[in-house]
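Below is one structure, written out as structure tokens; the observations come after it.
Residue numbers (the working numbering): 38 to 434.
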């Protein structure tokens, strides 16, 4: 589908979702964003749903300003995926051992590495930029300096919520590895700190929603936020790279006789800010629950833990600021999902997938998410499908 244009306050709201299907709270958030003095454009992805300040599944282009709550608290959250030389024929009938090996290699939930993991610990992983990342830690907001040790131990760990590690099969039977995670606790603490700082600024006192507080260009507060934001985005990228390296090592050892090789890793943020130029104007483009989908750029759009996921290639649609959705998108809150579904429902909806099926992950049940096939169909002018994947192992925190 092409987009539907809904009237906004200062800019129109371009929607790749049917406005009639979007909850009223999310529609109000979109109108609120469209009223900001600095906004130059707003694109809404088909997985849109209510969030903090700004909806998840929105792309906000501003000139001379950025809204930290519109990035989300998991700065740099995103996806990585890689195709392996394995096929379905290499996989055993019982995948529980493989799942256990993955969980042993990569801490999940609130888990930490006992000793920090670095790129030099993983064969073949580039070390370029690693030392520079950590040399800048003391330049971050003083409020997080006491977290240095924890941040070092958490890099290369999964976290919880909707984060996952998966082994998947594409339609030709090739095995893929895929994962979803972000900047862990250090990213959240930086986000919370700067959201609080923005809300205190005089120019934000009259906003319709205090969670839309912004930093404006050429101020010390903006400079401090940009420094911490871009650091957290880089941390998140390394977090995924380390996990993918650890995941590949598990697969190499488990399938040693097959001498597994890997294609180039595809990686993309979906909670982040980028400096981009449109219509001759330099803009700060915030993607909250959206990936960049410039012409020819590869991206990953996952479904829920019992459905399919897609590897896509961007079509470079500038009406959407070269963007696409970040996943299926929730259709109900975690609380609502826990009230509606049982562990039996979870087992039914994840049949054939080696994964947790206990009450701790009922809120991640496929029924709590929008149908991924429909979400993909609604953005045919944003991306083209390269591969469809179906998970056979899913590790969650």
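In this text, a Cβ means the ideal position worked out from N, Cα and C, and glycines have one as well.
Of the candidates 125, 143, 97, 97 places its Cα closest to the Cα of residue 324. Here the alpha carbon of residue 68 sits roughly 49 Å from the alpha carbon of residue 160.
A straight-line Cα-Cα distance of about 32 Å links residue 339 and residue 168.
For residue 115, the closest C-alpha among the options 104, 308, 267 is that of 308. Closest option to residue 186, judged by alpha-carbon separation, among 201, 200, 222, 213: 222. Spatial neighbours of residue 345 in its own chain (CB-CB distance under 7 Å, excluding positions within 5 residues in sequence) are listed in chain order as 409, 425, 426, 427. Here residue 360 is buried, its C-beta having at least 16 other C-beta atoms within 10 Å. Per DSSP, reduced to three states, the secondary structure at residue 131 is coil, with no helix or strand assignment. Around the Cβ of residue 203, a 10 Å sphere holds 16 or more other Cβ atoms; the residue is buried. Straight-line spacing of the CA atoms in residue 102 and residue 59 works out to 27 Å. If you ignore the 5 residues before and after residue 109, its C-beta comes within less than 6 Å of the C-beta of 308, 325, all in its own chain and listed in chain order. The C-beta distance from residue 119 to residue 259 rounds to 36 Å, too long to fall under 8 Å, and the pair is not in contact. DSSP, read as helix, strand or coil, puts residue 79 in strand. Per DSSP, reduced to three states, the secondary structure at residue 41 is strand. In the DSSP assignment, the residues bridged to residue 214 are 119, 204. In terms of Cβ geometry, residue 265 and residue 227 form a close pair [threshold 7 Å]. For residue 94, no alpha helix (DSSP H) encloses it; the enclosing beta strand (DSSP E) starts and ends at 93–99. A direct Cα-to-Cα measurement between residue 288 and residue 429 gives close to 14 Å. Across the set 349, 400, 201, the C-alpha of 201 shows the shortest separation from the C-alpha of residue 139. In terms of Cα proximity to residue 205, the closest of 255, 135, 87 is 135.
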